[in-house]
Amino acid sequence: MTSSLPPPDPYRVAYSEQVRERFLVLADIARERGDGAAFAAALKEFHRRLSIYPQFGEPLTDLKHESGQVWIGIVHPLAMRYGVFEDRRTVIVAALPVLMPK
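Mapping of the sequence shown onto our numbering: position 47 corresponds to residue 719, and the numbering continues sequentially without gaps.
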């Protein structure tokens, strides 16, 4: 007999306004250098992973004033740092994302 537990609630993912603006700039850069489709796919995959399992990356540091950790994740050609707050099931992306070399 197998018991099937319901999946946990997804994490709420919040992007700062500066990060959203940076996505637009990086999309233009990626398109100009010929990997716009890869960038778009990476951004979509990043959001999916952050919603269901933000610990896919590497932990960088524990936060001092709140219960949370800063992580870095890479879905080529995109790299992002983000905060994971387990107790709130929230991910905050406030550091500017980076477009990695082709």
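Glycine included, C-beta positions come from ideal geometry on N, C-alpha and C.
Everything numeric in this text was worked out from a predicted model, so none of it was measured.
Residue i vs residue j beta-carbon contact at 8 Å
i, j, result
"residue 684", "residue 762", "yes"
"residue 749", "residue 700", "no"
"residue 711", "residue 702", "yes"
Strand pairing of residue i, partner residues [DSSP]
i, result
"residue 738", "Paired residues: none, contrary to the question."
"residue 731", "743"
Same chain, Cβ closer than 8 Å to residue i, five either side skipped, listed in chain order
i, result
"residue 721", "728, 745, 747"
"residue 718", "745, 747, 750, 752"
Counted within 10 angstroms of its Cβ, other Cβ atoms place residue i as buried (16 or more) or exposed
i, result
"residue 687", "buried"
"residue 769", "buried"
"residue 756", "buried"
7 Å Cβ shell around residue i - same chain, five flanking residues per side excluded
i, result
"residue 723", "682, 683, 685"
Self-check item: Any beta strand (DSSP E) of 3 or more consecutive residues that is wholly inside the segment 694–720
Solution: Complete beta strand (DSSP E) runs here, min 3: none at all.
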